[in-house]
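First up is the structure itself, then whatever we jot down about it.
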Amino acid sequence: MSVQASNQLPLSISAVERDTGLSKDTLRMWERRYRFPQPARDIHGERIYPREQVEKLRTIKRLMDRGQRPGKLVALPLQALQDLCTGSGEVQADAQGEAPAAELLVFLDLIKSHRVAELRQQLSQGLMRQGLHHFLTGTVGPLNQQVGDAWRNGQFQIFEEHLYTEALQGVLRTAISAMPEAGRPPRILLSTLPGEQHNLGLLMAEAMFALDGATCISLGTQTPVWDIALAAKAQNVDIVAISFSAAFAAAQVGAGLQALRDQLPDGVEVWAGGSNPGLRRGRVAGVSVLESLEAVAPALAHWRAGREHN
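Numbering (our numbering), first residue to last: 17 to 326.
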């Protein structure tokens, strides 16, 4: 086989990882989340990547190293990505007022250099400038994704991701505690199931619920299903909200939600959200999945409209 012909052969996932610097986990996650890359399969069922996709992945990685978000890049054709690399193109901000890449890069640099006090100050200032809603959807959401990608790519250590999470949780707790208690329905009980120790998604959901005037009662993380049910009855709640991070075992999401649904009265709704792919694999009857933070306000409006008509 000639060198030219061999250069046209598709690459295995291991070869793509070595070639692009993107980990196997990242490649699989993008395939699920963004529908790119779209590998074929060899005779053994293993992923193989066409050369043109590898070139696009390589270009995306260069742009990510400059602070761009992969979610904005994967939809662009290769030529547009190459124009961005040479400075002749531009990625437009989205309609939600997402923070520009340069601003997110500042946060990433503070995390990597372990300047925790400055990080907390910058997060607090961003919150004050943007307001809580836009801060959550336009800055925290994209920043969470970039921090997660950096950890998966080996650019961040686990302790650096923890430094960021703790700083952000402190900022969000302060913001939530400063909000007046509206006392409006629905009454929402928030928690995670055993095995889910990540609290950031829960805090973000609580902030969005509180912004819309809902009454929130948080149990924190890793509450047994039976205790969630007891608390829901004791607190006379309308909704139980459960958060699942990507770290939770996706195969256990459905079973956990089903067990919770079975323990609660029919009149108590179950809402679930987070970045875990298990939420999208198989829906559980009687459980509503909120696809994003932006889905919170419409879901609350729908719930309230239903009660007004009863």
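No residue lacks a Cβ here, since even glycine has one placed at the ideal position from N, Cα and C.
Open item on the list: Please return the same chain residues whose Cβ sits closer than 7 angstroms to the Cβ of residue 140, not counting the five positions on each side in sequence.
Closed with: Leaving aside the five residues that flank residue 140 on each side, the residues in its chain whose CB is nearer than 7 angstroms to its CB run, in chain order, 187.
Task: Pair within 8 angstroms by beta-carbon distance, residue 280 and residue 256 - done: Result yes, Cβ atoms of residue 280 and residue 256 sit closer than 8 angstroms.
Task: Spatial distance of residue 149 from residue 243 (CA atoms) - done: Looking at the backbone, the Cα of residue 149 and that of residue 243 are separated by about 31 angstroms.
- [ ] Determine the direct distance from the alpha carbon of residue 146 to that of residue 109, and round the result to whole angstroms.
- [x] Note that residue 109 has pLDDT 45, beneath the 50 cutoff, so the model's placement of it is unreliable and the number below is only indicative. The straight-line gap from Cα to Cα measures roughly 15 angstroms.
- [ ] Assuming residue 63 and residue 55 form a contact by the criterion Cβ under 8 angstroms, report the distance between their Cβ atoms to the nearest whole angstrom.
- [x] At roughly 4 angstroms, the Cβ-Cβ gap stays under 8 angstroms, so residue 63 and residue 55 are in contact.
Task: Any 3 or more C-beta pairs closer than 8 angstroms across the segment 259-268 and the segment 289-296 - done: Contact between the segment 259-268 and the segment 289-296 is present: 3 or more CB-CB pairs across the two stretches fall below 8 angstroms.
- [ ] Please determine if the segment 312-323 and the segment 212-232 are in contact, where contact requires at least 3 C-beta pairs separated by less than 8 angstroms.
- [x] Yes, since at least three Cβ pairs between the segment 312-323 and the segment 212-232 fall closer than 8 angstroms, the two stretches touch.
Task: Cα-Cα separation between residue 213 and residue 87, rounded to whole angstroms - done: Taking the straight line from one Cα to the other gives about 26 angstroms.
Open item on the list: Quick check: what's the CA-CA separation for residue 273 versus residue 251?
Closed with: Their Cα atoms are separated by approximately 20 angstroms.
TODO: Starting from the C-beta of residue 159, find all residues in its chain whose C-beta is less than 7 angstroms away, skip the five residues before and the five after it, and write them out in chain order.
DONE: Correct list, in chain order: 120, 123.
Open item on the list: Just to confirm the assignment, what range does the alpha helix (DSSP H) spanning residue 299 have?
Closed with: Premise fails: residue 299 is in no alpha helix (DSSP H) and is neither H nor E.
TODO: Check whether the Cβ atoms of residue 38 and residue 77 lie closer than 8 angstroms to each other.
DONE: Contact flag set, yes.
TODO: Measuring alpha carbon to alpha carbon, tell me which of 247, 155, 169, 211 ends up nearest residue 205.
DONE: The shortest C-alpha separation from residue 205 is found at 247.
Task: 7 angstroms Cβ shell around residue 245 - same chain, five flanking residues per side excluded - done: Answer for residue 245: 279, 280, listed in chain order.
- [ ] Leaving out five residues on either side along the sequence, give the residues of the same chain with a beta carbon under 7 angstroms from the beta carbon of residue 185.
- [x] Contacts found: 215, 216, 219.
Task: Run of the beta strand (DSSP E) containing residue 207, from where it starts to where it stops - done: Run containing residue 207: 200-207, per the beta strand (DSSP E) assignment.
- [ ] Out of 97, 41, 312, 26, state which residue places its alpha-carbon closest to the alpha-carbon of residue 263.
- [x] Per the Cα distances, 41.
Open item on the list: Taking only three categories from DSSP, how would you classify residue 288?
Closed with: The answer is strand: DSSP assigns residue 288 an E or B state.
Task: Closest residue to residue 177 among 223, 129, 143, 269 (Cα-Cα distance) - done: The candidate whose alpha carbon is nearest that of residue 177 is 129.
Task: Host beta strand (DSSP E) of residue 260 (start-end) - done: First-last of the beta strand (DSSP E) with residue 260: 255-260.
Task: Reference residue 224, options 254, 253, 191, closest by Cα - done: Selected option, being the one with the closest Cα: 191.
Task: Coil, strand or helix - residue 15 by DSSP - done: With the chain running from 17 to 326 in the structure shown, residue 15 is simply not present.
TODO: Report the three-state DSSP secondary structure of residue 27 (helix, strand or coil).
DONE: Reduced to three states, the DSSP call for residue 27 is strand.
Task: Whole-number beta carbon distance between residue 294 and residue 269, since they are thought to touch under 8 angstroms - done: Confirmed, about 3 angstroms.
- [ ] Would you kindly report the start and end of the unbroken beta strand (DSSP E) that includes residue 63?
- [x] Segment 63-65, the beta strand (DSSP E) holding residue 63.
Open item on the list: Rounded to the nearest angstrom, what separates residue 189 and residue 30 at their Cα positions?
Closed with: If you take the alpha carbons of residue 189 and residue 30, they lie about 42 angstroms apart.
Task: N-terminal and C-terminal residue of the beta strand (DSSP E) that residue 230 is part of - done: Per DSSP, residue 230 belongs to the beta strand (DSSP E) from 230-234.
Open item on the list: Can you tell me whether residue 305 is helix, strand or coil according to DSSP?
Closed with: Strand, per DSSP.
TODO: To the nearest angstrom, report how far apart residue 19 and residue 75 are at their CA atoms.
DONE: Unreliable placement is indicated for residue 19, whose pLDDT of 39 sits below 50; no coordinate value is reported for it.
Task: Cα-Cα separation between residue 127 and residue 157, rounded to whole angstroms - done: Distance from the CA atom of residue 127 to the CA atom of residue 157, rounded to whole angstroms, is 16 angstroms.
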